[in-house]
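Chains as they are written, first to last, in the UniProt record's numbering: chain A, 1 to 484; chain B, 1 to 484; chain C, 1 to 484; chain D, 1 to 484. Reading through the structure tokens given below for one structure.
Number of protein chains: 4
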Amino acid sequence: MAAQIKSLNEECGVFGVWGDPHAVELTHLGLHTLQHRGQEGAGIVGRTPAGLRRHYGFGLVSQVFAHPEDLQALRGPAALGHVRYSTAGGRILENIQPLLFRFADGAVALAHNGNLTNAMSLRAKLEASGAIFQSTSDTEVLMHLLRRSPKPTFVEQLKEALTQVHGGFAFALLTEQGLYAACDPQGFRPLVVGQLPSGGYVVCSETAALTAVGAELIKDIAPGELISITDQGLNSQAYTDKTQLAVCSMEFVYFARPDSEIHGVNVHQARVAMGRQLAKEQPAEADIVVGVPNSSLSAALGYAQASGIPYELGLVKSQYVARTFIQPTQALRERSVRMKLSVLKATVAGKRVVLVDDSIVRGTTAKQIVQLLKEAGAKSVHLRIASPPLRFPCFYGIDIQTTKELFAANHSVAEMKRILGVDSLGFLSVQGLEDSVGLQTTAPHRGLCVAYFTGQYPTPLDDYAANLHDELACLSMDLSEVNA
Amino acid sequence: MAAQIKSLNEECGVFGVWGDPHAVELTHLGLHTLQHRGQEGAGIVGRTPAGLRRHYGFGLVSQVFAHPEDLQALRGPAALGHVRYSTAGGRILENIQPLLFRFADGAVALAHNGNLTNAMSLRAKLEASGAIFQSTSDTEVLMHLLRRSPKPTFVEQLKEALTQVHGGFAFALLTEQGLYAACDPQGFRPLVVGQLPSGGYVVCSETAALTAVGAELIKDIAPGELISITDQGLNSQAYTDKTQLAVCSMEFVYFARPDSEIHGVNVHQARVAMGRQLAKEQPAEADIVVGVPNSSLSAALGYAQASGIPYELGLVKSQYVARTFIQPTQALRERSVRMKLSVLKATVAGKRVVLVDDSIVRGTTAKQIVQLLKEAGAKSVHLRIASPPLRFPCFYGIDIQTTKELFAANHSVAEMKRILGVDSLGFLSVQGLEDSVGLQTTAPHRGLCVAYFTGQYPTPLDDYAANLHDELACLSMDLSEVNA
Amino acid sequence: MAAQIKSLNEECGVFGVWGDPHAVELTHLGLHTLQHRGQEGAGIVGRTPAGLRRHYGFGLVSQVFAHPEDLQALRGPAALGHVRYSTAGGRILENIQPLLFRFADGAVALAHNGNLTNAMSLRAKLEASGAIFQSTSDTEVLMHLLRRSPKPTFVEQLKEALTQVHGGFAFALLTEQGLYAACDPQGFRPLVVGQLPSGGYVVCSETAALTAVGAELIKDIAPGELISITDQGLNSQAYTDKTQLAVCSMEFVYFARPDSEIHGVNVHQARVAMGRQLAKEQPAEADIVVGVPNSSLSAALGYAQASGIPYELGLVKSQYVARTFIQPTQALRERSVRMKLSVLKATVAGKRVVLVDDSIVRGTTAKQIVQLLKEAGAKSVHLRIASPPLRFPCFYGIDIQTTKELFAANHSVAEMKRILGVDSLGFLSVQGLEDSVGLQTTAPHRGLCVAYFTGQYPTPLDDYAANLHDELACLSMDLSEVNA
Amino acid sequence: MAAQIKSLNEECGVFGVWGDPHAVELTHLGLHTLQHRGQEGAGIVGRTPAGLRRHYGFGLVSQVFAHPEDLQALRGPAALGHVRYSTAGGRILENIQPLLFRFADGAVALAHNGNLTNAMSLRAKLEASGAIFQSTSDTEVLMHLLRRSPKPTFVEQLKEALTQVHGGFAFALLTEQGLYAACDPQGFRPLVVGQLPSGGYVVCSETAALTAVGAELIKDIAPGELISITDQGLNSQAYTDKTQLAVCSMEFVYFARPDSEIHGVNVHQARVAMGRQLAKEQPAEADIVVGVPNSSLSAALGYAQASGIPYELGLVKSQYVARTFIQPTQALRERSVRMKLSVLKATVAGKRVVLVDDSIVRGTTAKQIVQLLKEAGAKSVHLRIASPPLRFPCFYGIDIQTTKELFAANHSVAEMKRILGVDSLGFLSVQGLEDSVGLQTTAPHRGLCVAYFTGQYPTPLDDYAANLHDELACLSMDLSEVNA
């Protein structure tokens, strides 16, 4: 579903190329493919004959790069691009990435997807010793740590900096000498490297972007791994050996494109498996299965396959998702939502409907859809969520940093059923989710991070720890209870 | 599929409101819902306290109305809007609709969907007697005829003008006194009227736009019908009694939204029926059925249902369809196409695929998709087209005015199969199409226009007749043969 | 002074080229030179290999032609351009000139400077017989008359049309066959023709624009003259022989550039002569002479020369005249005016100042300047106006169509002196003005139109006659009295 | 003359307000008044209820602040603004000022006019210890020094930082606590403080901007002085006592507005005095005196007064200075220059002309003007320059950092006369310049910096010293010789 409707937002997409004469054009195409990962702003740094040059701004890739000259000015054999979604308050131009740092000894571009759990304390410490930050994002901390490292080479400085930041991160850096990419020790955020027909290399957030530019996947960057790509080729090393895979499960549930593969698992197929498993765990008596377009169609297909209930097209999503002006009346505001999503009355009228959605965040959209279905004559609506209830914040790069707005953190299943106005409500189990994805690993939770469902975080929470404790107290929850 | 990929384009969407304080805002929402009918330009005329005022420009509705003040300047109790797709050469601002005519005795706004077959000869005659046209579109002819009519009232002048124009048309006019809407005598182009909760009226191209603004359908405007809406309410009359229903079948096949209903038939359900019928007429041995998103998903679902072959998600369409710059190399151009449509390799690899598309125009997109599927490892591709072969031009409002580029007009089925690289190829029959739509009427072809398939046009072609004759001669076709 | 401050506005500048490969670029330069004649909008029509093409919009020439491609699309061997100032209410895109009419038998571009006195009645008559106007400007009337003329050739149709319109006009028309230019029978509005080094021809409003593009003046287009420029060269003919020169005297007083020549008289020198004559007619005891920049500097120089009082720089006009936002308080609004014009305190403090201004329209600007001078310490301010009191409307192309706002129409000299807060006030006499300009002619008023000073109009006022009569009655004026 | 024509460019204008509810609107007006000091970019930081907020961009003030909301978002009781001209290469958005630094303990905005001679070495040292710069301008160095200062208060940190930077500078800083302004120890660059009717304070580059917003001058900020303005009022202190006045003489010659006063001397009157002195030092036999508009009109007036030769208007400068596109041919490029400046043929034809210009930088513009005058029929042209020959670079804030392009550094007076095509050529003497300005001081050169004329720099040149030595060697000049 569109970012405008749902409050769950990925914090970025990264795309870099080294060693291809069309590096900038390929990065432009790649960012289009990753546009679903961030719509607030975009930027590209190109390695031109005159050094690293940047073009960036607010809006979609097609808005930021509105004129051919915007790309031409960046042309060269290497480039790094970024699409950004930001949290409220951080909407300043200085936060649009890649950040570009110009030093007497050369420039460095930096792009990031994720969230650092100790960024605030690191920044406070750095500022106390005279550091000046140009952005308000956590990303910039890495560069200050790198520049203050006494190590003799850029790569060693970078390795030292990477060991000092905590949380979920996928960093990409571009200099005149090379393209560098690194994953956090849990591999929370996806990052892959591929090769172009020209022999050039691509580093990006999802394999779908590799495919879009005609590159072949070389590998998923591993937890704790640092990749260096220079004119001498690709070099890999571990900057830490304290790693344990914990891929963000919401990438499989909602964020990633269905045509991407994460650690060998196709996202669409994982979603079909979730839908199948959901049908087993939460069966329903119904005439048709309808998915919320577009992210829930795979799970709906799986539910239909496993349950034998016919898959149907019951909701139509507008192809032209437009930001609409604030409407003068409540009635107009509601119609504005309907403009984005409409019910196929002919399909649902008189039918018992299984409505499959990938997740519930605040519950408002689900409530509206249920209401639309009922108005269109659905006899009953059985809501099935292809993931467990979202009850805890994420600190590794998804924009849920408070439990206050989480529907499932504040209501029991019975309450949710009543509020949403559905005839029945069922969620996928955590175990079901883990089995459906089925990563090949011996790591806990089969290599997934399921903290937003269980409250069990794979790493210390650093600057957020106190805050989380207070919030949960406020909800009269405690971790032992919820995880029982 | 997106207009950028396919060469088949509808020539417009119309949306008007009378008698609601939020007429302009509703028209804005309505145009968003009709955006698929035209992306070249948009405009709204509002009935403000200072008279009719217009805002218009090139681009999507969200681009033309980029600032809240663009709408504010138009506010009032009535409005008329339009989205436009234009043919090459006509890309001048003066052609963006609604056209606005300012007379000493009041202003008139005019919006049109369709194509007039005698516009050129009427225009020549009018110019010879001193008329000056401000646009190069056929639409403006109506206003000149109206203004030269000696009849005493606006409605009578309009009626007289309507009897002079031929072809396919859905006109809407707004004055300070009323909102007027009329359909051609065959009802080629859809036009409906509905009512808002406020009591106000809406006239628009598709019922989905009624739903989007919370209006209830009153009726499809009938062939030869003229609707007048004033502060005294809605009045209907026939401007001619020589009518015979011949709805453009491509509205059902491709153009209209799945959640619209045309003369009582839901478009999605008509497409499912076409898919079902196609499975019967053109069966295939295969493992999965894949539809080309988004317009062919309904037909694919029908094919899967009737054939028993599982429906699968095999192609992913980018949510962010962006105009891309002209790419410097052929390889980049191809990647640019892949950015818009990608294959779900995990779904199709090793499978025998039934690929369902709604129609074939030039064949280039189908060829690319087939190639993508084969590259992704599809064992075989059986292409099934949910409509008959497009072999003749349309002169009633679809942008196919030449047979030269029509794939099926220039090649036999065997040749097409070879060129596309498919393992088998099958089209829906004309009879099958007519039965699938199933309009309740005794008109020929069950009330559909199927001229682009058969070459049998429901009306004289006027200014186009000679031209068509030449083209067919050129193709060594003649109508008797092709319709045998 | 800037158009933003003063309410006296010329209604346009015209610039056309025929027969030069850089016709469009030259027209662009020429319009920049004529920018002082209109800042609301601009446009150029170029004769491209694909026919006449237009680019136009609101704003300064540099804003309308903001990208090199805006000009490139128009390139060819002929062009016609226009800069426009419009009266309130007419601010619609359709009024930006050149108007471009596309006929089956070829396109015609039309640009105009002036005002037609019988446009309203002609338009009413034309509309009654079915004509449709695309703009609300009077200019378009000419084209309708031309197209309805039964004459066999374009030039004869144009001649017939020219005899039907009354008032002040300088028309330029561009077709694929030629560039045409015509003046009204009194020659109210200036229009000249010149020749480029390339042999090509230029038609434009002022000689300064000829100089700017390197063209030599051939001649001022005479009252009642029609110039036709084709590939066969320049042809001149009279479309009427009822002519009598009455050049708008405000062109000499205020509008035209100082480096332009009108009917052989340099504008700067005419202004110096006005200043000299003013010193004789209205002497003053003072220490310095200060002119209001920039239009009054020439007259101030003449006053200083004739009086022997030193010329000084007492007012500084901002080089960057910017439209400023509406300011929230009165104090801010006043400061906003001071930003555009400031006093050189060091020059005026303790001095008796002769302040020379070219004219007084509403009196508000003069009042502000006087106040600024007094605040800066001027001992006394003797205001001298280098033209007679403006008391009557103009109907030939200057934006004074009502006497209500004319300061001198509503107050005696004594009242004006008191309101403005000056120590003395003197105007140039009508005779003095006529002698200062000194056109070589036997026409009344030495070939000038002085109607805004005397109320004696050189032509019937047609559609405006009744209106003027009412206004004067309202002011308790009658023509015999004021001209006594 | 316009920045587009002449290569001499001031590097900025500064305007700040503390303690007025309309601080942002006043800053906007003030920047318009200072627009002549920089046209590349502009910015304003406002102290809003939500902290310091910034709006900035490339272009004129009217272009950067194109919508009312651009100002509204900054509203509050204090603001700091800047207009910038930059040297080639530095044209990146990050360099547009005020720079805004966001710290955990509060934000700081920084605006600067001048040039630091030891910025490069300071930056190298800071980067070596881990500092990261966001811009490439020298301005940012101050903030890094300030943040690394161990002093306990902001003001003490700022004082320490000010003693470490060398060269010419006028800094203004805004925090939530106050507005701060400081001048370099020589007072190279002007900076004044004034008071508004509201009691609020203004700090800005020129007194003309005080006048524009209705503020009264309190004082010129003295060499080595630091002004602190807080809610407790204005506080002044010396951050160093090693000061000696050396105001940039080019401020009097060319940069500053004629209505500004610097250290008690009105700029217009200083220019008139220069013109008078020039007439004494370099008399000419001639019929008229013509100044190059607009900056040389004051000196021309002085020359006319002292010589008794009549002052005349001989050159007209276009009011609408527009950036023009690169023209396809040399002829068009030349016409493009003429568009900006044209000769009043009627004034100069047949006359012996004294042409007064304020300075000669590269000589190209002067050459063009002389040619225009000769073409217009001037019998002879006697060029008089109201300043001494520019032969040495400036390192204190004027954009002449190389002697290679300086006309007078590369040619003798005789050669210059021949190249320019004038009948005689004369410059003002250094002594004449110093006496004409006549600052009340016992400092060397009567308190002026005349280094660009003499090569004697008032301070060590730090990072530029080696470079200058090489350049002079290259020109076969040495300081002892040129100053002999």
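We treat Cβ as the ideally placed atom computed from N, Cα and C, and that holds for glycine.
Quiz item: At what residues does the beta strand (DSSP E) containing L179/C begin and finish?
Solution: L179/C: member of the beta strand (DSSP E) spanning 179-183, first to last residue.
Practice problem: Give the DSSP-derived three-state secondary structure of Y239/D in the structure shown. | Solution: Here Y239/D sits in coil by DSSP.
Quiz item: Do D462/B and T163/B have their CB atoms nearer than 8 Å?
Solution: Taking a C-beta distance under 8 Å as the contact criterion, D462/B and T163/B do not qualify as a contact pair.
Quiz item: Is the shortest distance between the beta-carbon of I309/A and the beta-carbons of chain D less than 8 Å?
Solution: It does not; no Cβ of chain D falls within 8 Å.
Exercise. Check whether the Cβ atoms of I44/C and H67/C sit closer than 8 Å, and answer yes or no.
Key: Annotated as distal: I44/C and H67/C, with beta-carbon spacing of 8 Å or more.
Quiz item: Among residues of its own chain, excluding the 5 on either side of G89/A, which ones have a beta-carbon nearer than 7 Å to its beta-carbon?
Solution: With a pLDDT of 49 at G89/A, under the threshold of 50, the modelled position of this residue cannot be trusted, and the question is left open.
Quiz prompt | Candidates F255/C, T403/C, E375/C: closest to D470/C by CA position | solution = Closest by alpha carbon: T403/C.
Practice problem: For G187/B, name the three-state secondary structure that DSSP assigns. | Solution: Look at G187/B here: in three-state DSSP terms it is coil, with no helix or strand label.
Quiz item: Using Cβ-Cβ distances below 7 Å, what residues of the stretch 261-274 of chain C are close to chain D?
Solution: Under the 7 Å Cβ criterion, the stretch 261-274 of chain C contributes N266, H268, Q269.
Quiz prompt | Cβ shell of G264/D (< 7 Å), same chain only, five flanking positions each side left out | solution = The answer, listed in chain order, is Q440.
Practice problem: Have a look at A376/A, A473/A, Q368/A, L191/A and flag the residue whose alpha-carbon is nearest the alpha-carbon of A208/B. | Solution: Residue nearest to A208/B within the set A376/A, A473/A, Q368/A, L191/A is A376/A (criterion: CA-CA distance).
Quiz prompt | is_contact[R335/D, chain A] using C-beta, thresh 8 Å | solution = It does not: the Cβ of R335/D has no partner Cβ on chain A nearer than 8 Å.
Quiz item: For S307/D, which three-state DSSP category applies?
Solution: Assigned with DSSP and collapsed to three states, S307/D falls in helix.
Quiz item: Among L34/D, I288/D, V354/D, F407/D, which one has its Cα closest to the Cα of A212/D?
Solution: Minimum Cα distance to A212/D is reached at L34/D.
Quiz item: So with Cβ pairs under 8 Å, would you call A212/C a contact of chain D?
Solution: True, the Cβ-Cβ gap to chain D drops below 8 Å.
Practice problem: Taking only the alpha-carbon atoms, compute the straight-line gap between V155/A and T139/A and give it to the nearest angstrom. | Solution: V155/A and T139/A: Cα-Cα distance of roughly 18 Å.
Practice problem: Would you mind giving the Cβ-Cβ distance between R76/C and V202/C, rounded to the nearest angstrom? I have them listed as a contact below 8 Å. | Solution: Note that residue 76/C corresponds to Gly in the displayed sequence, not to Arg. Contact doesn't hold; Cβ gap of about 15 Å is too wide.
Exercise. Provide the residue(s) that pair with R352/D in DSSP beta bridges, ordered along the chain.
Key: Its beta-bridge partners are S380/D.
Exercise. Compare the Cα-Cα distances from A279/A to each of T459/A, L428/A, E415/A and report the closest residue.
Key: The residue with the shortest Cα to Cα distance from A279/A is L428/A.
Practice problem: Helix, strand or coil for N118/D, going by three-state DSSP, please let me know. | Solution: N118/D falls in the coil class under three-state DSSP.
Quiz item: With 16 other CB atoms within 10 Å as the buried threshold, where does G199/B fall?
Solution: Classification for G199/B: exposed.
Quiz prompt | Residue range of the alpha helix (DSSP H) that includes I369/B | solution = Unbroken alpha helix (DSSP H) run through I369/B: 364-375.
Quiz prompt | Strand pairing of H112/B, partner residues [DSSP] | solution = According to DSSP, which records beta bridges pairwise, H112/B is partnered with F171/B.
Quiz prompt | chain D contacts from the stretch 356-374 of chain C (Cβ-Cβ distance under 9 Å) | solution = Cβ contacts with chain D: none found.
Self-check item: Cβ neighbour criterion (16 or more within 10 Å) applied to K219/D
Solution: K219/D sits exposed, since fewer than 16 C-beta atoms from the chains shown fall within 10 Å of its C-beta.
Quiz prompt | Partners in chain C for residue 494/D, counting only beta-carbon separations shorter than 8 Å | solution = Residue 494/D is absent from the model: chain D starts at 1 and stops at 484.
Quiz item: In the DSSP assignment, what residue or residues form a beta bridge with I229/B?
Solution: Per DSSP, L179/B, L234/B.
Quiz item: Buried or exposed: T459/A, going by 16 or more other Cβ atoms within 10 Å of its Cβ?
Solution: Around the C-beta of T459/A, 16 or more other C-beta atoms lie within 10 Å, and the residue is accordingly described as buried.
Quiz item: Does R391/C have its Cβ less than 8 Å from a Cβ in chain B?
Solution: Contact of R391/C with chain B is not assigned, every C-beta pair being separated by 8 Å or more.
Quiz item: Looking at the structure shown, is I404/C part of a helix, part of a strand, or coil, going by DSSP?
Solution: Here residue 404/C turns out to be Lys, not Ile, going by the sequence shown. Reduced to three states, the DSSP call for K404/C is coil.
Quiz prompt | Bridge partner(s) assigned by DSSP for H22/C | solution = Bridge partners of H22/C: none, in fact.
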